[in-house]
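Student: Residue numbers (my numbering), protein chains in the order written: chain A, 1 to 156; chain B, 157 to 523; chain C, 524 to 693. All residues carry an ideal CB built from backbone N, CA and C; glycine is no exception. These numbers come from a predicted model, not from an experiment.
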Amino acid sequence: MTFDELKEYISANYPDDMTLLDTGRCEPFYEVKAEKLVAVCKRLRDDEQLKFDYFCNLGGVDTGERMEAVYSLASYSMKLRLDLKVILPHENAEIDSVQEVWPAANWYERELWELYGVNVKNHNNLTRFLLPDDWDQGFPMRKDWDAPDFIRMPEL
Amino acid sequence: MAELRTEEFTVNMGPHHPSTHGVCRLILTLSGEKVIKIVPVIGYLHRALEKICENRTYAQCIPVMDRFEYVTAMSCEYLFSNAAEKLAEIEVPERAEYLRVIMLELNRIASHLIFYGVTAMDIGALTPFLYGLREREGIIDLFEMTCGQRLTYNYIRIGGVSKDIPPQFEPKCRETIKTIREKLNDYEGLLNENPIWLVRNKGIGVLPADLGIAYGVSGPVLRASGVKYDIRKDDPYSIYDRFDFEIPTRENGDCYDRYLLRLDEIKQSLNIVEQALDALPEGDIKAKVSPNFKPPAGEVYARVENSRGELGVYIQSDGGKKPLRVKMRGGSFNQLQVLPEIGTDCLVADLVAIFASLDIILPEVDR
Amino acid sequence: MGVIKKLPIYTEKLPGGGLILTSLETVINQAQAKSLWYLLFGTACCAIELMCTGASRYDFDRLGMIFRATPRQADLIIAAGTITKKMAPRLRRLYDQMAEPRRVIAMGGCTIKGGPFYYDSYSVEKGIDHIVPVDMYIPGCPPRPESLLEGCIHLQEKIKKQKLSDWQEK
Ligand code: SF4
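1) DSSP beta-bridge partners for Asp83/A?
2) Whole angstroms is fine: what's the gap from Ile441/B's alpha carbon to Trp135/A's?
3) Please determine whether the Cβ atom of Thr536/B lies at a distance below 7 angstroms from any heavy atom of ligand 1.
4) Got a sec: does ligand 1 put a non-hydrogen atom nearer than 7 angstroms to the Cβ of Gly638/C?
5) Classify Trp560/C: buried if its beta carbon has 16 or more other beta carbons within 10 angstroms, exposed otherwise.
6) Kindly indicate the opening and closing residues of the alpha helix (DSSP H) around Ala12/A.
7) Measure the C-alpha to C-alpha separation of Ala104/A and Ala556/C and round it to an integer number of angstroms.
8) Using a Cβ cut-off of 8 angstroms, which residues of the segment 558-582 of chain C contact any Cβ in chain B, in chain order?
9) What residues of chain C sit near Phe150/A, judged by a beta carbon separation below 7 angstroms?
10) If I measure Cβ to Cβ from Thr335/B and keep anything under 7 angstroms in the same chain, skipping five residues before and after, which residues do I get?
11) Between the alpha carbons of Arg625/C and Leu599/C, how many angstroms are there, rounded?
12) Buried or exposed: where does Gln472/B fall if 16 or more other Cβ atoms within 10 Å of its Cβ makes it buried?
13) Write down the C-beta distance between Ala611/C and Phe564/C rounded to the nearest angstrom, noting that I regard them as a contact closer than 8 angstroms.
14) Could you confirm whether any beta carbon from chain A is found closer than 8 angstroms to the beta carbon of Lys483/B?
15) Report the option in Ile661/C, Pro665/C, Leu547/C, Pro666/C whose CA atom is closest to the CA atom of His677/C.
16) When the Cα atoms are used, what is the spatial distance from Ile387/B to Ser463/B?
17) If you measure beta-carbon to beta-carbon, which residues of the segment 447-466 of chain B are closer than 9 angstroms to chain A?
18) Residues in its own chain within less than 8 angstroms of Ile270/B by CB, not counting five upstream and five downstream?
19) Would you check if the segment 311-330 of chain B and the segment 273-284 of chain B touch, i.e. whether three or more CB-CB distances between them fall below 8 angstroms?
20) In chain B, which residues lie with their C-beta within 7 angstroms of the C-beta of Asp83/A?
21) For a test of your reading of the model: does the CB of Thr166/B fall under 7 angstroms from any non-hydrogen atom of ligand 1? Yes or no.
22) Taking just the CA atoms, how far does Tyr14/A sit from Thr634/C?
23) Return the first residue and the last residue of the beta strand (DSSP E) that Thr185/B is part of.
24) Using CA coordinates, which residue listed in Ala453/B, Pro249/B, Asp400/B is at the minimum distance from Lys477/B?
25) Starting from Phe55/A and walking both ways along the beta strand (DSSP E), at which residues does that stretch end?
26) Alpha carbons only, please: which of Met484/B, Pro376/B, Cys411/B, Thr500/B is nearest the one belonging to Ile265/B?
27) Would the segment 323-338 of chain B and the segment 231-245 of chain B be scored as touching if the rule is three or more Cβ pairs under 8 angstroms?
28) Short of 7 angstroms Cβ to Cβ, which residues in the segment 605-637 of chain C face chain A?
29) What residues are listed by DSSP as bridge partners for Tyr618/C?
30) Go through the segment 389-447 of chain B residue by residue and report every complete run of the alpha helix (DSSP H) that reaches 4 residues or more, in order.
31) Would the beta-carbon of Val179/B fall within 8 angstroms of that of Ala443/B?
32) Based on the DSSP secondary-structure assignment, which residues constitute the bridge partners of Val192/B?
33) Can you find a CB in chain C that lies within less than 8 angstroms of the CB of Asn168/B?
34) Who are the Cβ neighbours of Tyr641/C in its own chain at under 7 angstroms, not counting the five residues just before and after it?
35) Using the C-alpha atoms, what's the distance from Ser175/B back to Lys693/C?
36) I'd like to know if the segment 191-199 of chain B and the segment 414-430 of chain B are in contact, where contact means that at least 3 CB-CB pairs between them fall below 8 angstroms.
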């Protein structure tokens, strides 16, 4: 399946679940509503034509006004690639855990919670693991984060 | 007489332990010598690379990427440049692509040689360590004569490579390939049939294919379990579709297969380097990229096949000269997640062998 | 008294039956300098260069430096690699576990002042000299094996110059 075929297939089969974002140069980026995330992911994984069984990556993004969670998926057997994006509010963001769909998501979601402060619901082990155990300075990957010993690179 | 009783106890392995390849800490619950629970604790090398990248220009990000996966720094550089090129739609000159492939594959060999040495050392054989690192020096010399660095190269840049190879590169490279080919026989003779090696590795730490898939494992670890998935073939980047090479796979998915598979991969990579040297065209080595490189707003996820599985980077650009977000993804992150699954119910000594055969390095996990 | 009685036996072993007279200081310093066993403490990229130095081509052993896996047997920590805030207490603990006399080499920019992670990093310790006392700094990112060797030779020279009186005060 080429990317154009993939786009067509998705617009035919997932019309109200996924909206194509205009960022895709090489691979399509789709927006998914936070409430529908787990259901869509499950369908994508079990779809015979797509079989997105490979969870590549999950990255949080803080754009300053809102939070985003970007899921990169691939399929081992069908050789496809797809990115999903969930747009969240900046404060008190919440997202459902997809670890029942892909167990691999477990640590990525912990990281999302730890560095961005996005609360992951239904996660079995939401504990600190990258930062020191006694860390109390908030969520360091946020754009507005600051600390006394944090030195920014001076502009050249 | 007091009643005899057994009790589980907890052992801390790491963060400073010679066989955890860095600073991983495993909290083991043992019953006798049997491991019944593993809890990996990471973050001892969390250097905030992603935060740093957000405050650097695109060109300045490349040295930071070097530190992300320093054993195969070339892959990281390539990955970032590739992602930035995709964002800005830059054409890379032919010669630069060939040079990149040569460097990527040489780096893969170097990384597998380190694996060969270090794994054997973990299991208790010191000689392979000395052999593996001896041959690696030949490759490091090649890198050094090209870009002047031994480990953190900053060689592959956005739009091409930073310098052309010197004239003595090609003969030296062919010589190195020849030596490694010869020495590979020695390596195999040393360990493949070695009874101690077999007992320590065969049937240990079996990773079933479906478990690997569920945990997003990639690279040699997954191929040793029989899944033929290699990004170089299945989602080709650069000019890999022009070369003739095989993707080796193995069936059993145990430590021994993972070891054999990496030796097979070295042979394939040697072939690729040779083919690339034969076909190396003349021409430019760098596309015109302004020093004020500003890709248009957009986002991209790029990935390459590294010696430890899929290496990926997600870049979001807002049109400025600094990326809005850089998220790095390393194969070891998933491999370490799967360790508690395959490492339980084995002996502590086997756990060391499993850890080594997964070839986990910590900067990739912690970033 | 014992030594003096045995002296004839010692002198016979030397060619020509001569005597070597030296100060205790020199003997101790030589012994310390020539057997600096180092702790295998590598956290990041510099550890790869440390490994290379220990392997075939650069051959650390010829300086009398052999790696040890436990701090109790080591005389020297070569802190190779970035020390993060999470790792810093562990480094101190390893240092405390070593027996006197103990020494520290800070290898690479990271251990000197944070290196490439000085700016914009929220989790890297900016230099290890406020965690453990450092004897020798080796700059580079990573330092070449040659510079590591040179740093170790300088450290040996420093040890050879030490006075017994200073050493006892510690
Ligand atoms: S000094 Fe450079 S090479 Fe050494 S650990 Fe730090 S970043 Fe890595």
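Tutor: The short version:
1) Phe29/A, Ser72/A
2) 47 angstroms
3) Here chain B comprises residues numbered 157 to 523, so residue 536/B is not present and cannot be evaluated.
4) yes
5) exposed
6) 3-13
7) 50 angstroms
8) Leu563, Phe564, Gly565, Thr566, Ala567, Cys568, Ala570, Ile571, Glu572, Met574, Cys575, Ala578, Ser579, Arg580
9) Tyr645
10) Glu291, Gly294
11) 6 angstroms
12) buried
13) Actually they are not in contact, since the Cβ atoms of Ala611/C and Phe564/C sit about 13 angstroms apart, beyond 8 angstroms.
14) yes
15) Ile661/C
16) 11 angstroms
17) Ala453, Gly454, Glu455, Val456, Tyr457, Ala458, Arg459, Glu466
18) Val227, Gly288, Leu289, Arg292
19) no
20) Tyr457
21) no
22) 53 angstroms
23) 181-187
24) Ala453/B
25) 54-62
26) Pro376/B
27) no
28) Lys608, Lys609
29) According to DSSP, Tyr618/C bridges with nothing at all.
30) 411-435
31) no
32) For clarity, residue 192/B is Ile in the given sequence; the question names Val instead. Ile192/B pairs with nothing; no bridge assigned.
33) no
34) Lys649
35) Bear in mind that a pLDDT of 49 at Lys693/C, under 50, signals an unreliable position, so the model cannot answer this.
36) no
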